[in-house]
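Undergrad: A single structure is presented below for examination.
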Amino acid sequence: MRIAIILFDLFILYLLFGHALLRRLYPHPLRVRARLKDYQRHLKHLLARDRDVVPDEALVAIQTALGELKEVRSSGDTPAAEACLQRFQDGAYMDALPTRKHAWIREYLEIFVVALSLAFGVRGLFLQPFKIPTGSMQPTLYGIHYEELESAPALGVAKRFFEYVHHSRRYVDLPVTRAGYLESLAKAKPSIPLFPVTVAQIAGVEYRIPADFDSIMRQLPKLEALRNTRGGRPPPIFFAEGEVLARGYFELGDHLFVDRTRFHFTEPERGDITVFLTDGIRDSGGGSLGGRYYIKRLVGLPGDELRITDHRLYVKEPGGSEFELVDESYAPAFRRLASFTGNYRGYSHHHGAQHLVTDTDTFVVPEGQYFMLGDNSENSKDSRFWGTVPRTNLVGRAFLVWWPFSRRWGVADRVEPLDFPSPPTMP
Numbered sequence: 027m028r029i030a031i032i033l034f035d036l037f038i039l040y041l042l043f044g045h046a047l048l049r050r051l052y053p054h055p056l057r058v059r060a061r062l063k064d065y066q067r068h069l070k071h072l073l074a075r076d077r078d079v080v081p082d083e084a085l086v087a088i089q090t091a092l093g094e095l096k097e098v099r100s101s102g103d104t105p106a107a108e109a110c111l112q113r114f115q116d117g118a119y120m121d122a123l124p125t126r127k128h129a130w131i132r133e134y135l136e137i138f139v140v141a142l143s144l145a146f147g148v149r150g151l152f153l154q155p156f157k158i159p160t161g162s163m164q165p166t167l168y169g170i171h172y173e174e175l176e177s178a179p180a181l182g183v184a185k186r187f188f189e190y191v192h193h194s195r196r197y198v199d200l201p202v203t204r205a206g207y208l209e210s211l212a213k214a215k216p217s218i219p220l221f222p223v224t225v226a227q228i229a230g231v232e233y234r235i236p237a238d239f240d241s242i243m244r245q246l247p248k249l250e251a252l253r254n255t256r257g258g259r260p261p262p263i264f265f266a267e268g269e270v271l272a273r274g275y276f277e278l279g280d281h282l283f284v285d286r287t288r289f290h291f292t293e294p295e296r297g298d299i300t301v302f303l304t305d306g307i308r309d310s311g312g313g314s315l316g317g318r319y320y321i322k323r324l325v326g327l328p329g330d331e332l333r334i335t336d337h338r339l340y341v342k343e344p345g346g347s348e349f350e351l352v353d354e355s356y357a358p359a360f361r362r363l364a365s366f367t368g369n370y371r372g373y374s375h376h377h378g379a380q381h382l383v384t385d386t387d388t389f390v391v392p393e394g395q396y397f398m399l400g401d402n403s404e405n406s407k408d409s410r411f412w413g414t415v416p417r418t419n420l421v422g423r424a425f426l427v428w429w430p431f432s433r434r435w436g437v438a439d440r441v442e443p444l445d446f447p448s449p450p451t452m453p
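Counting in this note's numbering, the sequence shown runs from 27 upward without gaps.
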């Protein structure tokens, strides 16, 4: 992974400064010819773009300049190349070209439209970027999460920058300077995309937390009580002087590409990490789900009868007579899920769920529907709560984690669990 990070840094360095740095290493004759090549490329672009609208004398000027550039660059005569470069720097031939007011706006707008069209084309047809919002798929995929530290690390600006670029980490160290109650918690204004900040006010003092509002309420235990009081009166939360509001870092969660083409050519398979639309899906109270896109593991196919017993998933396939353990013979991920190591705790029951509430409870997946479960079963709202997902709602399968550079970077759903015991904490 360290090699991948170094290669990434070198790639970014090359994109930003590589062209200029390499040219400084050229010997003088090569630098001159490289500058002439830039002029040649620019004139060819003008000729291809504006041939139908520029006057005849401008076309002649461009063609003459291109001929001279070609001849000088191929001659190998350095003094002649220097003289030619000087003429172009002094404006030779360029005065004959038509000038347009604010032409740079048109050029950049053209680049922007083409890039945007390509991006939307790739997103709509092939690979859709997706950000893991919550921890329901941990430890296979991580959402936005907070890691508490005992002491604040001494990090300079450069170190903080690379910690964000490599690991999406934003550090925070906020001891309370004046005792009092939490008076407000709100999104900072103005806000910068990709760098959310929430402002907490305690006893008249403002504290800026580098995370969005929802993440703070999920990740900071003392503020978790606010999650269920939106629109109502929040409970009083007191902070003593010197108490730590937050000390550690927030990570933005895994960013991945979703393969949108797979489900157009093959049927979904048990074990696929699947992104789907929540359109038409309702929770137990009849309300819509919290977001338009969800990501879960597909565990039940049409006609399957499912059961969770002793924290393991069992299936009776259509036409079968007995339940079978869902293990690595279906997909390697099910071996990890049942390993009870590295924060894999198997599957659990939730008394607030609608389906698979006990060891003997079963559920038959309707035709044209799929049953989804989160890998972090103890902290996942999934098909146990809101039922099945129609085939038409499936978007694609998780393909590649492209950021941040954690042990999960690369092809999705391939990393083995860490070697520490993780017994279930729920029935």
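For every residue, glycine included, the Cβ atom is placed at its ideal position computed from N, Cα and C.
Apply the 10 Å Cβ neighbour rule to Lys322 and answer buried if 16 or more other Cβ atoms are within range, or exposed otherwise.
TA: Sixteen is the threshold: when 16 or more other Cβ atoms of the shown chains lie within 10 Å of the Cβ of Lys322, as they do, the residue is buried.
Undergrad: What are the boundary residues of the alpha helix (DSSP H) that includes Phe456?
TA: The chain is shown from 27 up to 453; residue 456 falls before or after that span and cannot be answered.
Undergrad: In three-state DSSP terms, what is Gly150?
TA: In the structure shown, Gly150 adopts helical secondary structure according to DSSP, grouped into three states.
Undergrad: To the nearest angstrom, how far is it from the Cα of Asp285 to the Cα of Phe425?
TA: 6 angstroms
Undergrad: For Leu488, which residues of its own chain have a beta-carbon under 6 angstroms away from its beta-carbon, when the five flanking residues on both sides are left out?
TA: Beyond the ends of the chain as shown, which are 27 and 453, falls residue 488; an answer cannot be given.
Undergrad: Can you tell me where the alpha helix (DSSP H) with Gly93 in it begins and where it stops?
TA: Looking at the DSSP string, the run of the alpha helix (DSSP H) that includes Gly93 is 82 to 101.
Undergrad: Beta-carbon separation of Phe156 and Thr287 under 7 angstroms?
TA: no
Undergrad: For Glu442 and Glu174, what's the separation of their Cα atoms in angstroms?
TA: 24 angstroms
Undergrad: Anyone know if the C-beta pair for Ser16 and Ser162 falls short of 7 angstroms?
TA: Since the first and last residues shown for the chain are 27 and 453, residue 16 lies out of range.
Undergrad: Which residues in the same chain as Ala106 place their Cβ atom closer than 8 angstroms to its Cβ, once the five residues preceding and following it in sequence are excluded?
TA: Val98
Undergrad: Which residue from Ala205, His171, Gly326 puts its Cα closest to that of Phe349?
TA: Gly326
Undergrad: Nearest-angstrom Cα distance between Thr165 and Pro450?
TA: The amino acid occupying residue 165 in the given sequence is Pro; Thr does not appear at that position. In a straight line, the C-alpha of Pro165 is about 14 angstroms away from that of Pro450.
Undergrad: Just tell me which of Pro447, Phe283, Arg75 has its CA closest to the CA of Ala364.
TA: Pro447
Undergrad: Roughly how many angstroms separate the alpha carbons of Arg59 and Asp103, rounded to a whole number?
TA: 10 angstroms
Undergrad: DSSP beta-bridge partners for His171?
TA: Glu277
Undergrad: Consult DSSP for Gln164 and reduce its assignment to one of helix, strand or coil.
TA: coil
Undergrad: Comparing alpha-carbon positions, which option in Glu209, Phe264, Thr224 lies nearest Pro216?
TA: Minimum Cα distance to Pro216 is reached at Thr224.
Undergrad: Can you check the stretch 366 to 441 for any beta strand (DSSP E) of at least 3 residues that lies completely inside it and give the ranges in chain order?
TA: Entirely contained in the stretch 366 to 441, the beta strand (DSSP E) runs reaching 3 residues are, in chain order, 388 to 390, 395 to 399, 420 to 429.
Undergrad: Enumerate in chain order the residues of its own chain whose CB-to-CB distance from Pro262 is below 7 angstroms, with the five nearest sequence positions on each side excluded.
TA: Tyr207
Undergrad: Give a yes or no on whether 7 angstroms exceeds the smallest Cβ distance from Pro261 to chain C.
TA: The chain inventory of the structure shown lacks chain C, comprising one protein chain alone.
Undergrad: Is there contact here, the stretch 386 to 394 with the stretch 296 to 311, by at least three beta-carbon pairs under 8 angstroms?
TA: Taking a cut-off of 8 angstroms for Cβ pairs, the stretch 386 to 394 and the stretch 296 to 311 do not touch, as fewer than three such pairs fall below it.
Undergrad: What residue range does the beta strand (DSSP E) around Phe302 cover?
TA: 299 to 303
Undergrad: From Gly311 to Tyr319, what distance separates their C-alpha atoms?
TA: 20 angstroms
Undergrad: So Asp199 is in the beta strand (DSSP E); what residue range does that whole segment cover?
TA: 195 to 201
Undergrad: Assign Ser403 to one of two classes, buried (16 or more other C-beta atoms within 10 Å of its C-beta) or exposed (fewer than that).
TA: buried
Undergrad: What is the rounded straight-line gap between the Cα of Asp336 and the Cα of Thr386?
TA: Cα-Cα distance, rounded: 10 angstroms.
Undergrad: Helix, strand or coil for Tyr52, going by three-state DSSP, please let me know.
TA: coil
Undergrad: Would you call the stretch 187 to 199 in contact with the stretch 229 to 244, where contact means no fewer than 3 C-beta pairs closer than 8 angstroms?
TA: Below 8 angstroms, enough C-beta pairs join the stretch 187 to 199 and the stretch 229 to 244 to call them touching: three or more.
Undergrad: For Ile228, which residues from the same chain have a beta carbon less than 8 angstroms from its beta carbon, with the 5 sequence-adjacent residues on both sides left out?
TA: The answer, listed in chain order, is Val202, Arg204, Gly206, Tyr207, Leu208, Glu209, Phe265, Leu271.
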